[in-house]
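Sequential numbering from 332 applies to the sequence shown in the numbering used here. C-beta: ideal position from N, C-alpha, C; glycine also. The structure presented is a predicted model; accordingly, all values stated were derived computationally and were not measured.
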Amino acid sequence: AVHSKGALNNRSDKAKKWRFSQMQNSQSGQVIPDPTNSKNAVMQFIWQKEGGKNYDANTQKKAHLYGEFGKSNTQEEVWSFRVYFPSKGMEKDNKAEIIIQWHGHPDTFESDRHPPLALDNRNDQLTVTWLYDQRAWTFPGSSDRHSRHKSLGKTPKDQWVQFVFHIKWDPDGDGMLKVWQDGRLKIDQHPIPIGFNDRIGPYLGFGIYKFENNSQHKKRIILFDDIQQWIIQ
């Protein structure tokens, strides 16, 4: 079952609410039948090159849904989700797309920043990036000064891939990041600094985010299913 209300073209009464969406058009987010199980419904995102509204850069770059804010910048949580990369729709592309991100909520008068945690796809390779800033104020353009990257390897195609992220946010150094892919532990980092010194905790975004607003292809397609969250503390 899909956790995805927020889709603009929702065909499933089982879809749950999301806080808001950023979509190029009415076809960018839809609930469709699972390509591997016709009895299941999943979320499909479509990004089109040169799509979206000219006056809104976000709709040009994104087919994305967003969850609720975290309660604090030291929240510990586990997220699980399945992702399907279709070979027709996710061809090799040298322009990256973020498919999952946890975005920080800047404090009052603070500028937007890079996401403190993200999973992206470029050249058929999956990469996790995380960063932090323990300062009370993150200056514009400096949010990625403390960033780390870890490759998860080649992007699997035409099959469901299970990801589990265990995150303990803490910009001061007592944080944790563990990532499993199909049951295999790929990242095990602790204690680490991760996240920003914000009053409100990070929130989930997922779908397709072409932050360069470019691609070698006219269209990108990705599917999501079974998105779940457990808050530990």
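For residue i, count neighbouring C-beta atoms within 10 Å of its own C-beta (all shown protein chains included) and say buried if the count is 16 or more, exposed if not.
{"i": "Gly-514", "result": "exposed"}
{"i": "Ser-343", "result": "With a pLDDT of 42 at Ser-343, under the threshold of 50, the modelled position of this residue cannot be trusted, and the question is left open."}
{"i": "Arg-530", "result": "exposed"}
{"i": "Thr-390", "result": "buried"}
How big is the Cα-Cα spacing for residue i and residue j?
{"i": "Phe-527", "j": "Ala-467", "result": "8 Å"}
{"i": "Ile-377", "j": "Met-354", "result": "9 Å"}
{"i": "Gly-438", "j": "Phe-542", "result": "Looking at the sequence provided, one finds Asp at residue 438 rather than Gly. Straight-line Cα distance between these residues: approximately 23 Å."}
{"i": "Lys-402", "j": "Pro-447", "result": "16 Å"}
{"i": "Ile-498", "j": "Pro-487", "result": "24 Å"}
{"i": "Glu-428", "j": "Arg-350", "result": "22 Å"}
{"i": "Glu-422", "j": "Ile-430", "result": "15 Å"}
{"i": "Leu-396", "j": "Lys-426", "result": "21 Å"}
{"i": "Val-495", "j": "Ile-562", "result": "13 Å"}
{"i": "Thr-460", "j": "Leu-450", "result": "7 Å"}
{"i": "Ile-363", "j": "Gln-432", "result": "23 Å"}
{"i": "Asp-519", "j": "Asn-452", "result": "20 Å"}
Determine which residues share a DSSP beta bridge with residue i and list them.
{"i": "Trp-461", "result": "Leu-448 and Arg-479"}
{"i": "Pro-364", "result": "Ala-372"}
{"i": "Asp-501", "result": "Ile-525"}
{"i": "Ala-427", "result": "According to DSSP, Ala-427 bridges with nothing at all."}
Looking only at its chain, what residues have a beta carbon closer than 8 Å to the beta carbon of residue i, apart from the 5 residues adjacent to it on each side?
{"i": "His-477", "result": "Leu-462, Tyr-463, Asp-464 and Pro-524"}
Subject >> Three CB pairs or more closer than 8 Å across the stretch 497-512 and the stretch 540-560 >> reply: no
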